[in-house]
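Start counting the sequence shown at 10; every next residue gets the next number (this note's numbering).
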Amino acid sequence: MKYITGIHGLNIENSKETCGDWHCSALYWDDDNIDFRESNDSIFGDWGIEYNKHIPEHDGTYAVADDLRSILDLMVSGSTRYLIGFRDDFICTDKYNDEFMEKVWMLKGTEHWKDIDELMRREFMQLWVDFHKKKGE
């Protein structure tokens, strides 16, 4: 399924109790600039994708990644430099820590794992270290 993710996904309201980015007026919303992806091509499948969302400057509705999925998709793309501070800036709650860390762990061994792991250590500090231990690392 085709869906919107990344920075654009972070700027669409979703059902999670996260804060997202909310600078949608600073983004270009033409189809050439929106990060469209195919869920069938992702290790996460349809997880974290919400339906019937309205987006700026478009008629109709779209499937859009929630904030957690948008962050994961940015990690997969190697865009970790855009995510510095994401825990406080885009998630803003510890409610989803376990679920989110399990999804991040699915990326272990991928091309950008070193950068992802480093980012997670920076964002979650001891919680990420403890998660590593829980996974036997």
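No residue lacks a Cβ here, since even glycine has one placed at the ideal position from N, Cα and C.
- Cβ-Cβ distances below 6 Å link W137 to M129 and R130 in the same chain, with the five nearest sequence neighbours on each side left out; the list follows chain order.
- Remark: C-beta atoms of I52 and T89 do not approach each other more closely than 8 Å.
- Counting along the chain, the unbroken beta strand (DSSP E) around I13 starts and ends at K11 to T14.
- DSSP, read as helix, strand or coil, puts K62 in strand.
- With respect to the 8 Å criterion, D44 and G15 are classified as neighbours on the basis of their beta carbons.
- With fewer than 16 other CB atoms across the displayed protein chains lying within 10 angstroms of its CB, I93 is exposed.
- Per the coordinates, the alpha-carbon of E127 lies some 14 Å from the alpha-carbon of R96.
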